[in-house]
Every structure is written in structure tokens, then in C-alpha cells.
Ligand SMILES: [Zn+2]
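In the numbering used here, the protein residues as written are 166 to 454.
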């Protein structure tokens, strides 16, 4: 399987350094230590669409996130102090498609952490302002001392399968022709399998049997974990929730293959390669019928 987008950063996250002030100061003073150049939450790129790394230049450790070590080189990201963005502007997706896969993963972690900082400036317990600690991997309340750690929101994304075909659907906001796997947030009190079954029933009226986990990816808008699954549908009749899903249809391997190859006669436009729905569709066409 081709690794999903936003994976493969390959940095040593050096968790033990986050609470070790002396070693953290040493990392900051390293001759090659560098900070990811960001414009707010988005990456600053050079002419070759590569990430830009700047020297530390007096950045205070309190305003930095230790992303990890690239070999011996400590890599930091700024705590950007910007308003949260949530979903990305369309231009950003073009830019992401041009990024090297490893660099996309490094930036995605910096973006998610910054979104989290931006949304957790006040204590959820007592309302006092919070400050970063643990080298940017936490925030602590200045009032009651409550500690908060970066969160991820789990999302299930799945293909229902029936008789050699899978279900693809489109949301109203998708570009024309685009269809993808159905998806939804996992709720408290649910297993992954239960969330997959619930979402497929709510959005498409499908009852499913076995659910199989396939792969996952961090999705930095703002900080989801996409968990890609296959589900065996009991039949192929659909009842769409049209507030969520504009249209959906069953497609066989030839149709999915044509979509992934962007063939002119493809039955739909596939999601882009950095989206895990793309990875999942590609994985499925490579399975035996
Ligand atoms: Zn507090």
C-alpha cells in the first residue's frame, strides 16, 4: 500500500526532552537548530515547493514546539498565535498536492498543534488563560494548574462493499464530479466498528456486517485522525440523508481504477492522492474480487 498522505515525517519526537529544561536548552542552542517558516498556520515554501527552515534567532522556547530531531538536527515550529482556521482554503490543497510527502507530514503536525493551541487559550475548568508547556506539547492553566494535552478527533471513513462494488458519495461542497468514501466523527461510547455501521446507516440507509480496519492518517484540518475501513453491506439499496450526502452510487473495480487514473470516461472524479479516501480506493482495487 502507498503510505497515506501526511504520514512518514520520520522525526524522532524525543518526548523525554520536552520536560528536560537543560536538554531542551541544548537542543535550542544546537548550531543547526531551526524553526519551520509558517504564514499563520500554512507553510511558507521556496521556489521548489520545499519547506523553509529559519535559524532560531532568539525565539524563546516558550513560544516554540519541539517537533523532533531530523537525524541530529532539532526542528521546531513556532506557536503562531493566530485565530483557528479549521478547514483549509482551496488554494492550500493545490499547495499540498505539490509538497513532498515527508514535508507535508512535518508541516501537518505543526499545523494541528497550532490549531490546538489557538483553540485552548483558556482553561476549560476555571476560564483562566493557559500557557504552553512541555515544549509546546501541552498547555497549563495559570489559575487552577489544570494541564491540557494536544487532542486528535477520530473520524471513521469507509467504503461499504457489496457484490464486487463499493459505495462512493458526494457532499454538496465537493468540486463537480468528485465522489469519495463516506465519513463521520466517532462519538463517545462507540467503537470504530460501531461508528462505521452507524454512519453508513445514517447517511445511506445501509446495514453492514463485518467491518475491517485498513489504515489511518492524521488530517490537519484541524486535528483529526482518519481511520479507513471496509464494511460488508447486507444489500445495495440506498436511502440517502440528503442533508449530508448529495448523491451516491455503487462502482466496480474498473470504475474505481478509471477514476484513480483520471481517465476521461471515469464514472467519477477521485479524491486527491493525499486524502486517505484515495489510499483506501487504491487499496481496494488492488484486492482480489
Ligand atoms: Zn484553570
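We treat Cβ as the ideally placed atom computed from N, Cα and C, and that holds for glycine. Just so you know, these numbers come straight off a predicted model, no measurement behind them.
According to the neighbour-count rule (16 or more other Cβ atoms, all chains shown, within 10 Å of its Cβ), is residue i buried or exposed?
i	result
residue 167	exposed
residue 289	exposed
residue 439	buried
residue 323	buried
residue 376	buried
residue 389	buried
residue 383	buried
residue 186	exposed
residue 195	exposed
How big is the Cα-Cα spacing for residue i and residue j?
i	j	result
residue 204	residue 273	13 Å
residue 451	residue 381	18 Å
residue 399	residue 356	20 Å
residue 395	residue 333	12 Å
residue 409	residue 336	6 Å
residue 172	residue 178	14 Å
residue 254	residue 300	29 Å
residue 393	residue 321	6 Å
residue 419	residue 405	24 Å
residue 327	residue 269	34 Å
residue 428	residue 223	52 Å
residue 358	residue 449	18 Å
Tell me the DSSP secondary structure of residue i in three-state form.
i	result
residue 181	helix
residue 219	strand
residue 381	strand
residue 258	helix
residue 298	strand
residue 317	coil
residue 213	coil
residue 442	helix
residue 161	Only positions 166 to 454 of the chain appear in the structure, and residue 161 is not among them; the question remains open.
residue 374	strand
residue 349	strand
residue 189	helix
residue 233	strand
Can you determine whether any heavy atom of ligand 1 sits closer than 7 Å to the C-beta of residue i, and answer yes or no?
i	result
residue 308	yes
residue 311	yes
residue 407	no
residue 450	no
residue 238	no
residue 394	no
residue 290	yes
residue 293	yes
Compute the beta-carbon to beta-carbon distance between residue i and residue j, rounded to the nearest angstrom, for a pair I have assumed lies under 8 Å.
i	j	result
residue 266	residue 170	7 Å
residue 295	residue 304	4 Å
residue 275	residue 242	4 Å
residue 330	residue 434	Actually they are not in contact, since the Cβ atoms of residue 330 and residue 434 sit about 18 Å apart, beyond 8 Å.
residue 216	residue 261	Not confirmed; about 12 Å, so no contact.
residue 264	residue 207	That pair is no contact at about 11 Å.
residue 379	residue 445	6 Å
Is residue i near ligand 2, with its Cβ less than 7 Å from a heavy atom?
i	result
residue 416	Annotation note on ligand 2: not contained in the displayed structure, which lists ligand 1 as its ligands.
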